[in-house]
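Numbering (full-length UniProt numbering), first residue to last: 1 to 247.
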Amino acid sequence: AGHDGVLLLHGTDTLAYSAAALSFLLLDLPIPVLLTGSMLPAGAPGSDAWDNLVGALRVLQEGHARGVQVYFNDALLHGARVSKLRSDAFDAFAELPRPRHAEHAPVPAALGYRQPRREVNLAVLPLYPGLRAAHLRGLLDSGVEALLLECYGSGTGPSDDEELLALLREAYARGVLLAAVSQCAYGQVEFGVYAAGSRLRDAGLLSAGGMTREAALGKLFGLLGAGLGRDEAQRWFALDLCGENAD
1 AGHDGVLLLH GTDTLAYSAA ALSFLLLDLP IPVLLTGSML PAGAPGSDAW
51 DNLVGALRVL QEGHARGVQV YFNDALLHGA RVSKLRSDAF DAFAELPRPR
101 HAEHAPVPAA LGYRQPRREV NLAVLPLYPG LRAAHLRGLL DSGVEALLLE
151 CYGSGTGPSD DEELLALLRE AYARGVLLAA VSQCAYGQVE FGVYAAGSRL
201 RDAGLLSAGG MTREAALGKL FGLLGAGLGR DEAQRWFALD LCGENAD
């Protein structure tokens, strides 16, 4: 109470994940939250730390739209769209122009920033040639509540692997939330484009549309952590809450 904004200094390796998670944990917060950091330590010659810090403070002083954002290398980036794209350059962070066409929904009180959250057991699995059903079984048997699959292209995968599809169907029947993002930097999941995608959808996977890995993971945490059941969480996952999946 009594604050006009919040500035968080954060390491860059997981900054995009934190920005995405905070975007969904602080829905409808009436003040801005800004994250920044640096690629070089503050005491290193030519460090970007001070430019980022001063720039972030200036942005807060001047005022900007509420929500969670990242300030880095003179750019103001949406917290639920930003990704780290470079490991050794000052312009390490960017918003990729992924297609985002979800329907926007007002934030219910049950998902607002005042709502306590619990710990959630989440997992991310990129699909790759050679992935075996046994690999997926080991992950699902660990008690995950939600699994985010990073699919090929528009949402395809090894749909001819009947054992793998059966595992997905069994997990869905147990109440596991299954969601899919695209591995493509500029991609989106559209299951109906190819038969391979349709089979994954029929096994229980939910499209994350144009959301990034960071956004989808943070959104799953925010929804399930708020105590929503799987079916209700799926409904809100498909809607846009803070600009993560709608322009």
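Glycine included, C-beta positions come from ideal geometry on N, C-alpha and C. Since we're looking at a predicted model, the values are computed, not measured.
Since residue i contacts residue j with CB under 8 Å, what's their CB separation in whole angstroms?
{"i": "S154", "j": "E190", "result": "5 Å"}
{"i": "L9", "j": "L34", "result": "So it is not a contact: roughly 10 Å between Cβ atoms."}
{"i": "A179", "j": "L220", "result": "7 Å"}
{"i": "A110", "j": "A226", "result": "6 Å"}
Do residue i and residue j have their C-beta atoms closer together than 7 Å?
{"i": "S215", "j": "A20", "result": "In the sequence as presented, Ser is not what sits at residue 215; that position holds Ala. A contact, by the Cβ cut-off of 7 Å."}
{"i": "residue 274", "j": "L239", "result": "There is no way to answer for residue 274, as the model of the chain reaches only from 1 to 247."}
{"i": "Y152", "j": "L29", "result": "no"}
{"i": "P99", "j": "Q188", "result": "yes"}
{"i": "S18", "j": "A80", "result": "no"}
{"i": "P32", "j": "H3", "result": "no"}
{"i": "A102", "j": "G209", "result": "yes"}
{"i": "L167", "j": "R137", "result": "yes"}
At the level of alpha carbons, what is the spacing between residue i and residue j?
{"i": "A94", "j": "Y71", "result": "10 Å"}
{"i": "L144", "j": "N121", "result": "For clarity, residue 144 is Val in the given sequence; the question names Leu instead. When rounded, the distance between both Cα atoms is 5 Å."}
{"i": "R66", "j": "L205", "result": "32 Å"}
{"i": "A42", "j": "R235", "result": "44 Å"}
{"i": "A92", "j": "A44", "result": "18 Å"}
Among the options, which one has its Cα closest to the Cα of residue i?
{"i": "residue 252", "options": "L200, H64 and A89", "result": "Within the shown structure, residues of the chain are numbered from 1 to 247, placing residue 252 beyond reach of any answer."}
{"i": "V176", "options": "P106, H104, H101 and A123", "result": "A123"}
{"i": "L26", "options": "G63, Q69, R58 and S38", "result": "Q69"}
{"i": "C184", "options": "E103, S83, V107 and G243", "result": "S83"}
{"i": "R118", "options": "L228, H135, A49 and D247", "result": "L228"}
{"i": "R230", "options": "L85, G67, R174 and A208", "result": "R174"}
{"i": "E170", "options": "L60, S87, E62 and D202", "result": "D202"}
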